[in-house]
Amino acid sequence: MLLFSLASLCSNAQEKFRKHTYLKVNPTTIISALDIYLEQDLTEKLSLELGISGIYTDYPDYVFLRRVDIGQKKPGLSTEQLVEGRGLGFRAGMKWYIFRPQAATNARGTYFEPVLFFKKIFYPKEDVALNGQTYQNSGDKNVYGIQLLLGRQIKKEKFVIDPYLGVGVRSKVYRYTNFSANGGGVNEDHSELVNVLPSVHLGIKIGLSL
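In my numbering, the protein residues as written are 51 to 260.
Here you go:
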């Protein structure tokens with residue numbers, strides 16, 4: 051009788067929770083990138099979230115480097131190069147759902163999520179005329195980081211809303227080549243600059259349950 055009761059409870063728990071797949075976008079980053087996320091339930095408490103970003107401008111970095119001066123080191127990149135930077139980003143996070151709503155069994159609830167991410171941005175080449183010849187300044191950037199997010203995912207039928215906040219740290223590695231005049235000659239400067247900085251995150255993802 052006891053074994054039968056336990057089996058019934060386990061069966062009811064499995065019936066209440068069903069695995070879902072969620073497709074989401076992040077409108078809070080639309081100023082510089084299109085962020086798309088795919089989240090897959092693994093268990094009632096855990097899910098895996100993967101994301102890809104299409105970056106069409108590095109304008110936020112332009113603001114950070116040119117408009118907000120907190121003593122950070124600045125790479126030898128022009129405003130036009132920063133604004134016209136293009137690239138891709140990838141991220142992976144594991145969500146641990148700490149609290150679940152009692153009334154709606156399909157609502158995922160409050161979660162904690164560590165996230166690892168990587169971005170690669172290519173800056174356009176910029177012509178510079180020196181001593182009657184044309185040279186091209188060039189550069190790129192790699193960004194590595196970790197985020198610790200706290201959020202609450204809410205599901206209403208097929209619609210999903212996922213607000214979050216958190217902190218993190220990221221490393222920005224700039225590599226660039228600049229040309230400059232030196233008397234009758236031209237200097238070619240290959241440089242690398244690394245900035246390691248804390249970060250604060252506040253945003254929202256919206257999407258659908260597939």
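Ideal placement from N, C-alpha and C gives every residue a C-beta, glycine not left out. What you are looking at is a predicted structure, and each value in this text was computed from that prediction instead of being measured.
Margin query: Please classify Pro110 as buried or exposed, where buried requires at least 16 other C-beta atoms within 10 Å of its C-beta.
Written below: exposed
Note to self: Counting beta carbon pairs with one atom in the region 234-243 and one in the region 211-218, are three or more of them shorter than 8 Å?
What the structure shows: Taking a cut-off of 8 Å for Cβ pairs, the region 211-218 and the region 234-243 do not touch, as fewer than three such pairs fall below it.
Next item on the list: Kindly list the residues whose CB is nearer than 7 Å to the CB of Ser259, restricted to its own chain and excluding five residues on each side of it in sequence; keep chain order.
Entry: Same-chain partners within the cutoff: His70, Tyr72, Lys205, Lys208 and Val210.
Checklist line | DSSP-derived helix/strand/coil call for Arg117 | finding: helix
Item checked: Proximal residues to His251 (C-beta, below 8 Å), its chain only, five neighbours per side dropped -> The residues are Gln197, Leu199, Tyr214, Leu215, Gly216, Val217 and Gly218.
Next item on the list: Mind checking who Tyr112 pairs with in its DSSP beta bridge?
Entry: According to DSSP, which records beta bridges pairwise, Tyr112 is partnered with nothing at all.
Item checked: As assigned by DSSP and simplified to three states, the class of Pro164 -> Correct three-state label for Pro164: strand.
Margin query: Applying the 10 Å Cβ sphere with the 16-neighbour rule, what's the burial state of Arg117?
Written below: By the neighbour-count criterion, in which a residue is buried when 16 or more other Cβ atoms sit within 10 angstroms of its Cβ, Arg117 is exposed.
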